[in-house]
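Residue numbers (the numbering used here): 1 to 141. Note that CB positions come from ideal geometry on N, CA and C, so glycine has one too.
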C-alpha cells in the first residue's frame with residue numbers, strides 16, 4: 001500500500017500530476033475535495049488564510065495511519081492526501097483526499113475517517129476573512 005501525504009502551498013490542482021494511476025487491483029477510487037465556501041455561520045466569507053505547525057506534515061501522516069487503525073486496517077491500495085496552507089480564495093481546494101481500494105465500501109469509509117481525523121488532530125489553523133471586514137481564527141489550540 002502507498003501512503004503519500006503532504007502540506008502544500010500551491011493549489012492542489014497543481015499536485016494532480018502526483019496522484020498515482022489507479023492500481024489494476026483497485027475497483028474503487030474515492031476523491032474528497034474540501035472547498036473554501038463563501039459563508040460560515042450565516043456570514044459571508046471573502047477568503048481564508050491557513051497556517052500550519054512546522055511539523056504538520058508529520059502529524060498529517062500520523063493522522064492517516066490512525067484512520068487506518070481505527071477502521072481495522074481495511075484493504076486499500078493507496079492513499080494520497082494534500083492540505084493547503086497560505087491564501088485561499090472561494091472555490092479553492094483546501095484538502096484533497098484520494099483513496100484507492102478493491103471495493104467502494106472500504107474506500108468511502110476510509111476517506112471519511114481520514115477527513116475527520118485530519119480536522120481533529122493536525123495542527124493547521126484557519127483565519128477567515130469575512131465580507132464585512134473582520135476576521136476570525138478557528139481550529140486553534
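* What whole-angstrom Cβ distance do residue 80 and residue 30 have, given they're in contact under 8 Å? -> Rounded, the Cβ-Cβ distance is 11 Å, inconsistent with contact.
* Asked: By the 10 Å Cβ neighbour count, where 16 or more other Cβ atoms means buried, how is residue 48 classified, buried or exposed?
  -> buried
* Would you give the residue range spanned by the beta strand (DSSP E) that residue 56 belongs to? => No beta strand (DSSP E) holds residue 56; the alpha helix (DSSP H) holding it covers 56 to 70.
* Which residue spans inside the segment 70 to 130 form an unbroken alpha helix (DSSP H) run of at least 4? -> 104 to 121
* To do: Confirm, please, whether the CB-CB distance from residue 76 to residue 101 is below 7 Å.
  => yes
* To do: List the DSSP bridge partners of residue 8.
  => 84
* **Local Cβ density within 10 Å of residue 55, reported as buried at 16 or more and exposed below that** => exposed
* Contact check, residue 2 vs residue 78, beta carbons under 7 Å -> yes
* Reference residue 8; option with closest CA among 103, 94, 90 -> 94
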